[in-house]
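Residues 188 to 1026 (this note's numbering) are what the sequence shown spells out, left to right. So the structure is just underneath, and the comments pick up after that.
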Amino acid sequence: MTSRPLLASLLAAVLCLAPDRPAVGQETAHEAGTVLTGTVRALDSGDPLGGATVRLLELGRQTTTGSDGGFEFSGVPEDSLTVEITALGRLVERRSVHLRSGEPRSLEIALAASALDAPRIDVVLDRFRVVGEPEALTGIPGSAHVLGPEELNAQKQLYDDIHTILRQVPGITIQEEDAFGLRPNIGIRGTGSERSSKITVMEDGVLIAPAPYSAPSAYYFPVAGRMEAIEIRKGSSQIKYGPHTIGGALNLISSPIPGDLTGIIELEGGQDRTGKAHLEVGNSYEHFGWLAETYQIRTDGFKRLDGGGDTGFEIGDYLVKLRVNADPDAERYHELELKLGRYDQTSNETYLGLTEADFASDPYRRYPASQQDVMDAEQTQVQLRHFARPVDGFDITTVLYRNDFDRNWYKLGRVGGEGIEELLDEPGRFANELAVIRGATSAPDALEVTAGIRSYYGEGVQSIAGLEFAGPAGRHEIELGGRYHADEEDRFQHADLYQMVDGRMVRTTAGAPGSGSNQVSEARAWAYFAQDRVSFGRWTVTPGLRLETIDFTRTDYGADDPGRKAPSRVRESDVTAWIPGIGATFAVTPSWNLFGGVHKGFGPPGPGAEEETEPEESVNYELGARYDGSSIAAQVVGFYNDYENILGKATLASGAPTGAGELFNGGAVDVTGLELSIDFDPLAGLRWTGASGTAGASRGWSLPVRLAYTYTDAEFRTSFESDFEVWGAVEAGDELPYLPEHQLHASLGLKREPWSLRLEATHVDEMRTVAGSGPVPEGEGTDPVTVWGLSGQLALNPWSSVFAGVQNLTEEAYVVARHPAGARPGLPRTLLAGVRIAR
C-alpha cells in the first residue's frame, strides 16, 4: 500500500524533530532573567499530571506540562508573579512567587480534584471515560485524543457544531448534511458515517444513541456546546466499549459539579438571527454538590425557501446534577450522583436537496415542495451513578440509566409517485414532477409527505470494578465490567398527501395513523469485559476480552392494523461475539513512546436481518509513536482494518426509496490509513533581543500551531450487487463512498494576554457518493474544498471576555453530500460574536 512508506517516513521525521525536554531545574545558557520550573501532580494519588496548563498571569506566558508533570519557563524577569495551573477535572491553583535574576526557582504543585479534595476522583473519572485524565494518553496502547476546555472553547463558543469540533482530530470522517451538525454523520477509520451508526457514542460513559443496538442511527446527538471535554479513542477502544468495536468510541463529557460556587454566562448572536444563551451555576459542600445548566440556541437558517419561510432551528437543553458523598477522608468512601437531562428541538430541515443546475445557480435555495418539512424531537435522560472504594486498591462504579427519545420528522418523500432521490438525480426524465417541486400547480395528492413518527428508549445498568496491585511480573491494573442493556425503536408512521397550488402546499388527503411503517424493533444485550494493564520496566501491555450476546426481535404490523392486534411477521435472531485484543506501549524516553495493537472488530446486524445476514467483523491493526515535549506534542499512527464482512443499511438518509432499513452484506473490505497530529509553539522558550542588545523574555507571545492529517484508502475486495443506494453494483477494487483520501486541518494562533487570534483551515478531498473506481462521474461526488475560519478573543478582566469569529471566510459554495436527495451545500460565510462571564 502507498501508505506504508509514507508511515515510515513520518515516524522517522517525528522522532528526529522531537527535541529532548530540558532537565528540571536546568537553566539555558546565556539567558538573562531566571528559570522557573516545577512539577504538577494529582493531590489524591501523587501521580504527575501531563497536559496541565501553567500560566504566568502578569506576563501573559503559558506552557503545558509534559507526561512527567514537568514545566519550565526560561528568561523570566525579576518580579513578583502569579502562577496559575489548570487541568481537566481539577481545581484551579494559583501561587505567588518572587523571582530574583539568575536564581532558578522550582515549584511542586498538587491539584485537588474538581468536585472534592478526595483520593478517589481520578478513578471515578477514568472508569467510564475512554481516555481519562490527559496524562493517561501516554499509557494508552493506541490512538486517542482529548479535546479539553481550552480546545473546545476555541470552537464551541462560535459554532456549536460537533462536525466542526471533530475536524481537528485525525482519523475521523464527516458526511455533512445540514451544515449545523444537528444529525451528525461521523465515521472513524473507514467505518462509514451515516448517522454515526457505526461508532460507539456515549455521554459520560453511557450509550446515548436513541436505541444503540436496535436502531443506532443518531437522530439525537448531545449538544456539543455544553460539554466540558470530548474523548476519542480508536483501535484500542474495542475491549471496553461496544457494541460497535471496529472504528472507535466517542465520549462526550458533560459539565462537572464545580468544587466552589461557580457561575457562567455566555451570550452570542450573529447572522440569520442566530442567538445563543448558555447559563451554568453550581457549588459543592462537604457532603453535597449540585449543578444546574441550560443551553439555548436558535437561528432562522441560511437557506432561502422559495416563497419565504424559516429554514433554521431552535434547541433547548437542560441539565441538573445532584451529588451526596461520605466524608472525603473516610476509610470506606461512597458517592451517589443523580443526573437529569432534557432536550427539545424544532428544526425546519428537509431531505430535499437541489439539482446540479439549480445548485450552480443558487446553492442556498430551498424548493417550495419542502415548505412543510420540520422535525420535532425531545429527549430525556436519567443517570444514577454510585461509586464505592471499600478498601485501598479496589473500587467499583455502577450506573443505572434510562434515555427516551421521541421524534416526528415530517418531510417530503415522493412526488407523482416517484422518490425525490430519483427525481433530482435524473431531472430530464421527470420534468413535470420537478416543476411541481419548484412550485408549479399540481393535481391533488401529487406530493407525499411522510410523518416519520418514532419513539425510542434505551435503558440498562453497567458496572466496572477496578483492582490495582503489584505482582512479581509488574504492576497490574485490572478492570472487570458488565452491562445489561435493553432498547427499542417503535415506528408508527403515516403519509399525508398534498397539492401544490401556485407555490403553496395544501393538504388534500390525511394519512391514517400507522398506515406507513408500523413496526417495533427490540434488542436485549449482555456485555462483559476483562482487561489487565500490566506495567513492567518501560513496557505496558494491555490484553483484554469482550463478550457481546444480543437477542433481537422485530415485529411488523399491517398498514390496516393501527391497534396492533395481530402481527403480520415476527423475526427473532441472536448474536454472540467474542472480541479479543491486545495492545502495548514502550517508553523510549520520558518524552516519547511507541504503541501498537491488534483487536477484533464487531458490529451487530440489528433486528429484522434476514437469516443469511452476517454480523460485521474485522481484524484491526495499528502501530504508532507519540511524543510529548515542552513545546511540541505529536502523534503518528498507521492503521489497517481487515473487514471480513461489512454491513450496509438502506435508509431514507442513504437515499433508499422505502427507508425500510434492510441490511446488506458487502463482503471483504480493506481500509488502510495514516493519521498525523502535531501541536507546536515555535515561540516557547524563545528570547527577544532589545535595541540595546540585551536579551529579554519572550514578552508573553505565543504562536500555537495545530495540524491534523488523515490519509485513507478503502476498497472492496469482492464483487456483488445490492439495493443499497450508495453501493449498488460493486466490483472488486471499487472505493467506498463518503471517504476522502486526504483530509487536513491546520490552525495558527497568536496570543498575548489579554487577547488571542486564531486562523484555521480545513481541506477535504473529493468524496465519492456512490461506490466506484477511476475518475468520479459527474453528479456522483462531493466537491474538494478548503474552508477558512478566523476568530478572536479579548479578555476584559479575569472573569469576562468578548469573542467573535467568521466561518467560511472566503465564501466557498460547495457540495458536501448528494444524499438523501440532491446536492447539499456547506455553511456559507457566517459571522458570530458574543460575551462570556465566568465567576
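Every residue gets a Cβ at the ideal spot worked out from N, C-alpha and C, and that includes glycine. Just so you know, these numbers come straight off a predicted model, no measurement behind them.
Supposed contact pair residue j and residue i - C-beta distance, whole angstroms, cut 8 Å
| i | j | result |
| --- | --- | --- |
| residue 370 | residue 364 | 6 Å |
| residue 834 | residue 792 | 6 Å |
| residue 382 | residue 480 | Residue 382 to residue 480, Cβ: 27 Å. No contact. |
| residue 328 | residue 784 | 5 Å |
| residue 587 | residue 571 | 5 Å |
| residue 352 | residue 411 | 6 Å |
| residue 330 | residue 824 | 5 Å |
| residue 271 | residue 294 | Rounded, the Cβ-Cβ distance is 12 Å, inconsistent with contact. |
| residue 251 | residue 233 | Contact flag wrong, Cβ pair sits at about 20 Å. |
| residue 138 | residue 259 | Look at the range of the chain in this structure, 188 to 1026, and you will see that residue 138 is not part of it. |
N- and C-terminal bounds of the beta strand (DSSP E) containing residue i
| i | result |
| --- | --- |
| residue 351 | Residue 351 -> not in any beta strand (DSSP E); alpha helix (DSSP H) instead, spanning 349-353. |
| residue 789 | 779-790 |
| residue 548 | That residue, residue 548, is in no beta strand (DSSP E); its alpha helix (DSSP H) goes 543-548. |
| residue 280 | 280-286 |
| residue 324 | Neither: residue 324 is in no beta strand (DSSP E) and is coded neither H nor E. |
| residue 229 | 221-229 |
| residue 678 | 661-679 |
| residue 366 | Per DSSP, residue 366 belongs to no beta strand (DSSP E) and is neither H nor E. |
| residue 731 | 726-744 |
| residue 643 | 634-658 |
| residue 814 | 803-815 |
| residue 719 | 705-723 |
Endpoints, the alpha helix (DSSP H) within which residue i is located
| i | result |
| --- | --- |
| residue 833 | Element bounds for residue 833: n/a, residue is neither H nor E. |
| residue 619 | 618-624 |
| residue 612 | 607-612 |
Sequence-distant residues of the same chain with beta carbon closer than 6 Å to residue i, five excluded per side
| i | result |
| --- | --- |
| residue 336 | none |
| residue 1011 | 540, 1003, 1004 |
| residue 1001 | 970, 972, 1013 |
| residue 354 | 932, 949 |
| residue 1020 | 991 |
| residue 1022 | 454, 989 |
| residue 944 | 937, 979 |
| residue 522 | 512, 574 |
| residue 215 | In this predicted model, residue 215 has a pLDDT of only 33, less than 50, meaning its place in the structure is not dependable; the value taken from the coordinates is given anyway. Cβ within range, chain order: 261. |
| residue 546 | 1010 |
| residue 743 | 706, 755, 756 |
| residue 930 | 897, 951 |
| residue 1026 | 450, 986 |
| residue 935 | 892, 946 |
| residue 417 | 334, 439 |
Short Cβ contact (7 Å threshold) for residue i with residue j
| i | j | result |
| --- | --- | --- |
| residue 240 | residue 273 | yes |
| residue 501 | residue 461 | no |
| residue 788 | residue 715 | no |
| residue 807 | residue 832 | no |
| residue 553 | residue 490 | yes |
| residue 895 | residue 357 | yes |
| residue 487 | residue 496 | no |
| residue 386 | residue 332 | no |
| residue 984 | residue 1015 | no |
| residue 275 | residue 256 | no |
| residue 493 | residue 409 | no |
| residue 903 | residue 376 | no |
| residue 889 | residue 920 | no |
| residue 803 | residue 790 | yes |
| residue 281 | residue 298 | no |
Contacting residues, own chain, Cβ-Cβ under 8 Å from residue i (five flanking each side not counted)
| i | result |
| --- | --- |
| residue 748 | 701, 705, 755 |
| residue 190 | Summary for residue 190: the model assigns pLDDT 42, below 50, so the residue's position carries little reliability, and this model does not support an answer. |
Minimum Cβ-Cβ distance from residue i to chain D less than 7 Å
| i | result |
| --- | --- |
| residue 526 | Note that chain D does not occur in the displayed structure, where there is just one protein chain. |
Sequence-distant residues of the same chain with beta carbon closer than 7 Å to residue i, five excluded per side
| i | result |
| --- | --- |
| residue 551 | 489, 490, 491, 1012, 1015 |
The ligand NAD heavy atom lying under 6 Å from the CB of residue i
| i | result |
| --- | --- |
| residue 765 | Among the components modelled here there is no ligand, and therefore nothing to report on the ligand NAD. |
For the stretch 638-646 against the stretch 593-601, do three or more pairs of beta-carbon atoms, one drawn from each stretch, fall closer than 8 Å, so that the two count as touching? yes
Per the contact definition of three or more C-beta pairs closer than 8 Å, is the stretch 385-397 in contact with the stretch 443-451? no
Three or more C-beta pairs under 8 Å: does that hold for the stretch 915-927 against the stretch 948-967? yes
Given 8 Å, three or more beta-carbon pairs between the stretch 570-586 and the stretch 599-611: no
Any 3 or more C-beta pairs closer than 8 Å across the stretch 809-820 and the stretch 449-463: no
With a threshold of 8 Å, are at least 3 pairs of Cβ atoms found where one atom belongs to the stretch 622-631 and the other to the stretch 571-578? no
At least three beta-carbon pairs within less than 8 Å, the stretch 725-739 to the stretch 684-701: no
Count Cβ pairs between the stretch 645-655 and the stretch 619-627 that sit closer than 8 Å; are there 3 or more? no
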